[in-house]
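Structure first, commentary second.
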Amino acid sequence: MEDTQLKNDKEKEVSRYLLTDVASCTFTFSDGLSSRMNPSPGKEIVLVKLIPHAAKSKIFAESVFKNYMHARNMNGLAKLCGYDCVKTFTRHFKKYLGQTPYQWMLDRKMEEICLLVESSELSITEIAGMYGFKSVSHLVNLYSRRYGIPPLKSRSIKSV
98 MEDTQLKNDK
108 EKEVSRYLLT
118 DVASCTFTFS
128 DGLSSRMNPS
138 PGKEIVLVKL
148 IPHAAKSKIF
158 AESVFKNYMH
168 ARNMNGLAKL
178 CGYDCVKTFT
188 RHFKKYLGQT
198 PYQWMLDRKM
208 EEICLLVESS
218 ELSITEIAGM
228 YGFKSVSHLV
238 NLYSRRYGIP
248 PLKSRSIKSV
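Residue numbers for the sequence shown follow this note's numbering, so the first one is 98 and each next one is one higher.
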């Protein structure tokens, strides 16, 4: 008796989401895009489950922004964001933020370094040490590639 009742309850739950004889269905999304679904010739049942992609990407991005200042590297950021597997974290990172965690963290780091170069009296050696560069030449090369001029020249141009 209980099994029959449980089965009936499940069927009612499913039928609540089941629409029959639908000629077509159009989904209009908040970004203005729309998608239209038409029934197939065999009149199979189509089950659609909408998963709010924007909500997932927003939650992921918020977690990254909240934690990246406390992370020294990509592995640390993955842990702070609740991921034990760096591979999974990297896959989600690429999906939601469009680049690898390493490149994204390097971009943020270089933006901060540029601000320090242009607005502080810290030496390039001190800045390189603060940001964990193993050598000043590595920082100078990255800075020059990114901004087109070496940090000292950038500093002298900004001070004029």
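C-beta atoms are modelled at their ideal positions from N, C-alpha and C, and glycine is treated no differently.
Quiz item: Hey, how far is the Cα of residue 121 from the Cα of residue 133?
Solution: Within the sequence shown, numbered from 1, the residue matching residue 121 stands at position 24. Within the sequence shown, numbered from 1, the residue matching residue 133 stands at position 36. Taking the straight line joining both Cα atoms gives about 7 Å.
Quiz item: Hey, residue 193 and residue 163: beta-carbon distance below 9 Å or not?
Solution: Residue 193 sits at position 96 when you count from the first residue of the sequence shown. Residue 163 sits at position 66 when you count from the first residue of the sequence shown. Not in contact: residue 193 and residue 163 (Cβ atoms no closer than 9 Å).
Practice problem: Under 6 Å Cβ to Cβ from residue 135, same chain only, skipping five residues before and after it: list those, please. | Solution: As a position in the sequence shown, residue 135 is number 38, starting the count at 1. Excluding residues within five positions, the ones whose Cβ falls inside 6 Å are 121.
Exercise. May I ask you to report which of helix, strand or coil DSSP gives residue 60?
Key: Given that the chain is displayed from residue 98 to residue 257, the structure contains no residue 60 and the question cannot be resolved.
Quiz item: Below 9 Å between beta carbons: does that hold for residue 177 and residue 167?
Solution: Looking up residue 177 in the sequence shown gives position 80. Looking up residue 167 in the sequence shown gives position 70. Their beta carbons are under 9 Å apart, which means residue 177 touches residue 167 by this criterion.
Quiz prompt | Cβ separation of residue 236 and residue 224, assumed to be a contact under 8 Å, to the nearest whole Å | solution = If you number the sequence shown from 1, residue 236 lands on position 139. If you number the sequence shown from 1, residue 224 lands on position 127. Rounded, the Cβ-Cβ distance is 7 Å, consistent with contact.
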